[in-house]
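Chains as they are written, first to last, in our numbering: chain G, 198 to 469; chain Z, 6 to 292.
Don't be surprised by glycine CBs; every beta carbon is placed ideally from N, CA and C.
Contents: one structure, followed by commentary.
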């Protein structure tokens, strides 16, 4: 493992916010951490970049100058212009002069903001702000890029553009770790970590996670909720039988990634 | 089926900008209609027009066949993006206040939220706040539910539960209009309406919206190199693990990748809903 967390725990007072999580961040790969509100995503990335102290385990990271980090909120200054934001971030990382001008121009072109350099950060749409924040974190060509919910609340079009930028960064050799609440975004990852209440409940490639689903999954087309572990999907129900024995009337179904995520959460709940 | 909410050539202008432009839309009892669009496409404005919170510049918005009024609004449940709860009141106070405002008597609080009844809403985790907002919106047995990005930031299991409530209401005859940026959620709607620049750009079932759109799937020895080539040519490449998906023709993709010795295998596959959405809402390329 080049960088990442090994058996890492974080405590806030008596609350265990991160519970023995291991996660590898390798060059040229995208690691996506999926979890809902309060799952511990921000604590995980803050532990990875060195903003919170571990009470157990290890964090391996490159020197600060080689890390790019975008926090879940902001990541840019609303009362600075696009250009000023980039210059500020550049000066923090020692990217100045012609190097700054060239790299800024390249990134602005990439995120479609080259005609808006004099606009204030706060005047940009939510999607544009996120793109600018990511660009600011990429100015110094980091070897580890850490993004906390870069796409929450961002519409699917801007999201596709953001992911294109993130993929390009990984393709050029950077190790990327990004968190998300959108399960569908995990498809973009080479490796996924599912986080629930500070614990990693499943990890691997999206395909590994799907093929590791225990038991059997089925569809029940009825009005009433079938017994057992079932949830709605569209007008029908999905039912999961841990034993592998589906009840009568359930048609077997190949689990998709979203199903695998729900099942992992159900398995985890049973354990708790 | 009864039409609960209807827009007929509905238009609103803010100065020179038509934020909602000649929109036709109907939500019937028992159906879940997904309203999709990029930020700024006019989704929230359309909802506010339908609810009577904004006055149209043209066309008409009808709720239960009449112009929106206090009486028709009583029959609607609405969860806004900001949830619409009072942060400095407890869950129970929010519940009682809403019941009083809707004149729905004193319905019992559902078990899902009664555990937090004495807590200030502002101090609760987002997931719980959302459950409260849903319960409040459902409390007066609305015939039409309008949900504006109801599950943004919610984990997978909680989201499945919220959708369970949505479907249960639909089966009891409630019509539901829901906006979302989540394509997994959109795929669960009975019908989708896609807005671009204030207008309806596509509508129908998920299959009808995707229509015959396809993408080229690229499998090769080194996705990084292939990505750099295709991305450099200005194509909107999406990476799925180590597989690339690109809009365009196999000929075009093959031509770009030839000579790079990447062991390329191409296949034309149906677009997914997200790819279809991106293609519908994308401005035509500048060059």
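The C-beta of residue 402(G) comes closer than 8 Å to at least one C-beta of chain Z. Counting C-beta atoms within 10 angstroms of its own C-beta, residue 252(G) has fewer than 16 neighbours from the protein chains shown and is therefore classed as exposed. For residue 206(Z), no Cβ of chain G is located within less than 8 Å of the residue's own Cβ. For residue 396(G), the three-state secondary structure derived from DSSP is strand. Within the same chain, and ignoring the five residues on either side of residue 265(Z) in sequence, the residues whose Cβ sits closer than 8 Å to its Cβ are 230, 231 and 234. When the five nearest sequence neighbours on each side are left out, the beta carbons in the same chain lying within less than 7 Å of the beta carbon of residue 367(G) are those of 225, 226, 227 and 373, in order along the chain. At least one CB atom of chain Z sits nearer than 8 Å to the CB of residue 458(G).
For chain Z, the residues of the region 323–356 of chain G that bring a beta carbon within less than 9 Å of one of its beta carbons are 323, 324, 346, 348, 349, 350, 351, 352, 353, 354, 355 and 356, in chain order. Under DSSP, residue 250(G) takes part in no beta bridge, so it has no partner.
Within the same chain, and ignoring the five residues on either side of residue 223(Z) in sequence, the residues whose Cβ sits closer than 8 Å to its Cβ are 231, 235, 248, 249, 250, 251, 258, 262, 269, 270 and 271. For the C-beta of residue 188(Z), the chain G residues within less than 7 Å are, from N- to C-terminus, 353 and 381.
Ranked by how close their Cα comes to the Cα of residue 259(G), the residues 198(G), 380(G) and 451(G) have 198(G) in first place. Scanning the region 200–243 of chain Z from its first residue to its last, the whole alpha helix (DSSP H) runs of 4-plus residues come out as 211–215 and 228–237. Under DSSP, residue 238(G) forms no beta bridge with any residue. Close CB contacts of residue 273(G) within its chain, under the 7 Å cut and outside five residues either way in sequence, are with 282, 318, 326, 329, 330 and 333 (chain order).
Taking the Cα of residue 304(G) as reference, the smallest distance to any Cα among 335(G), 278(G), 316(G) and 410(G) is reached at 335(G). Rounded to whole angstroms, the separation of the alpha carbons of residue 295(G) and residue 202(Z) is 39 Å.
Neighbours of residue 238(G) in chain Z, taken as residues at a C-beta separation under 7 Å, are lacking, since the least C-beta distance is about 10 Å. Under the rule that a run must span 4 or more residues, the alpha helix (DSSP H) segments found entirely inside the region 92–176 of chain Z read 96–107, 116–119, 131–143 and 161–176. Of all residues in the region 154–184 of chain Z, the ones placed with a Cβ closer than 7 Å to any Cβ belonging to chain G are 157, 158, 159, 160, 161, 162, 163, 165, 168, 169, 172 and 176, in chain order. Looking from the CA of residue 47(Z), the closest CA among 59(Z), 37(Z) and 36(Z) belongs to 59(Z). By the C-beta density criterion, residue 432(G) is exposed, having fewer than 16 other C-beta atoms within 10 angstroms. Taking 8 Å as the CB threshold, residue 150(Z) stays off the interface with chain G.
Cβ-Cβ distances below 8 Å link residue 117(Z) to 136 and 140 in the same chain, with the five nearest sequence neighbours on each side left out; the list follows chain order.
Nearest to residue 243(G) by C-alpha distance, out of 394(G), 205(G) and 314(G), is 205(G). Considering only beta carbons, the part of the region 28–59 of chain Z lying closer than 9 Å to chain G consists of 37, 41, 42, 43, 44, 45 and 46, in chain order. Not one beta carbon of chain G lies nearer than 8 Å to the beta carbon of residue 22(Z).
In the assembly as shown, residue 61(Z) is a buried residue. Its beta-carbon has 16 or more other beta-carbons within 10 Å. One finds 232, 233 and 236 in chain Z with Cβ atoms closer than 8 Å to the Cβ of residue 365(G), taken in chain order. In this structure, the beta-carbon distance from residue 178(Z) to residue 34(Z) falls below 8 Å.
For the region 430–458 of chain G, the residues whose beta carbon sits under 8 Å from a beta carbon of chain Z are, in order, 430, 431, 432, 455 and 458.
Residue 179(Z) sits in coil when the DSSP states are folded into three classes, being neither helix nor strand. The beta-bridge partner set that DSSP reports for residue 11(Z) consists of 31(Z) and 67(Z).
Per the DSSP secondary-structure output, residue 437(G) pairs in a beta bridge with 414(G) and 426(G).
In this structure, residue 412(G) lies away from residue 447(G), with their beta-carbon atoms at least 8 Å apart. Within chain G, 354 have C-beta atoms less than 7 Å from the C-beta of residue 287(Z), given in sequence order.
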